[in-house]
Amino acid sequence: MNIINPILIIGADIIGKIALEIFKSNDIIVYGFLDDDKTKYDKEIDSIAVLGSPDDDGFLKLIGKKCDVFVASDDSKYKYKTIEMLNERRKVMPVNAIHSKNHLSSTLVLGFGNLLNSGVNIGTFVTIGNHNIFHTNAIIEAQATIGSFVQIGAGSIIGTNVIIEDNVFIGSGATIVSGVKIGAGARIGAGSVVVENVKPNATLFGNPAKSV
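Per the numbering used here, the sequence shown runs over residues 91 to 302.
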């Protein structure tokens, strides 16, 4: 991670806590959290303060100058809205949060604002878009293509040449076999084995995975 500035994390729930651990694993200073929930203000998470609202200009003006920013949420609509606000008001994109204990191929093409937790293994010539979440020990095999706002559960395996379009959710321990295409907005249940292409917005579960 080539980050020099301290980080402001937007979102103080579980994804924010994971992001904090990731940045600490890389010895990157976290300046504080911003969150919409006022009940969290002036409290601390592992000695890092929840400072105030993401809409507060007093904190926003630091972003792009003294701080970089990461949007920590698994709610795609909230994340999209927040990123749009950062683009308009600060002309910045969120940085990536990449745990120090994972393996990324040197040929990986990686966008902005992604979270890669510990043990993530990404093979050669993989292309990944923006604002995705890869949970612990997810495996992405060679030449897979992953869009934006995708969430891949812990221990899932994404096979060679798989295509995953935007806004897809893949539960923990799922397997997507080589060459399969997952349409935009689809949801794959935990532990499922997907052996054929999935239509956009479909929900599948089981081994082999079937529509539900």
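For every residue, glycine included, the Cβ atom is placed at its ideal position computed from N, Cα and C.
Sequence-distant residues of its chain with Cβ nearer than 6 Å to residue i (five each side left out)
| i | result |
| --- | --- |
| SER115 | HIS189, SER190 |
| LEU234 | It should be pointed out that residue 234 corresponds to Ala in this sequence rather than to Leu. VAL216, ILE248, VAL252, listed in sequence order. |
| PHE113 | ILE97, VAL120 |
Nearest residue (CA-CA) to residue i, options the options
| i | options | result |
| --- | --- | --- |
| ASN291 | GLY245, VAL240, ILE94, ASP158 | VAL240 |
| GLY122 | LYS107, ILE104, TYR131, LEU141 | LEU141 |
| GLU304 | ASP117, GLY279, LYS289 | Here the chain has residues from 91 to 302 only, and residue 304 is not among them. |
| ASN251 | ARG179, PHE259, VAL270 | VAL270 |
| ASN257 | ASP146, ILE118, LYS167 | LYS167 |
| ASN211 | ARG179, ASP126, SER238, ALA244 | ALA244 |
| ALA228 | GLU178, HIS193, ASN95 | HIS193 |
| ARG277 | SER268, PHE295, VAL285, GLU286 | PHE295 |
| ARG180 | LYS107, VAL283, VAL216, CYS157 | CYS157 |
| SER246 | SER137, ASN207, GLY273, LYS128 | ASN207 |
| ASP125 | ASP117, PHE113, LEU150, ILE118 | LEU150 |
Proximal residues to residue i (C-beta, below 7 Å), its chain only, five neighbours per side dropped
| i | result |
| --- | --- |
| THR214 | SER195, THR197, ALA232 |
| VAL182 | ILE153, GLY154, VAL159, LEU176 |
C-beta contact flag for residue i and residue j at 7 Å
| i | j | result |
| --- | --- | --- |
| ILE242 | ILE266 | no |
| LYS130 | ALA109 | no |
| ASP164 | ILE105 | yes |
| GLY281 | GLY263 | yes |
| ILE99 | ALA162 | yes |
| LEU205 | ILE223 | yes |
Boundaries of the beta strand (DSSP E) in which residue i is found, first to last residue
| i | result |
| --- | --- |
| ILE99 | 97–100 |
| THR293 | 293–296 |
| ALA109 | First-last for ALA109: 104–115, but that is the alpha helix (DSSP H), not the beta strand (DSSP E). |
Residue i - partner residues in DSSP beta bridges
| i | result |
| --- | --- |
| PHE160 | ILE99 |
| GLY281 | None; GLY281 has no bridge partner. |
| GLU134 | ALA139 |
| HIS193 | ASN211 |
| LYS75 | Since the first residue shown for the chain is 91 and the last is 302, residue 75 is missing from the structure and cannot be characterised. |
| ALA187 | LEU205 |
| GLY122 | LEU98 |
Short CB-CB distance (under 7 Å) between residue i and chain D
| i | result |
| --- | --- |
| ALA274 | Of the protein chains in the structure, only one exists, and it is not chain D. |
8 Å Cβ shell around residue i - same chain, five flanking residues per side excluded
| i | result |
| --- | --- |
| ASP132 | ALA139, VAL140 |
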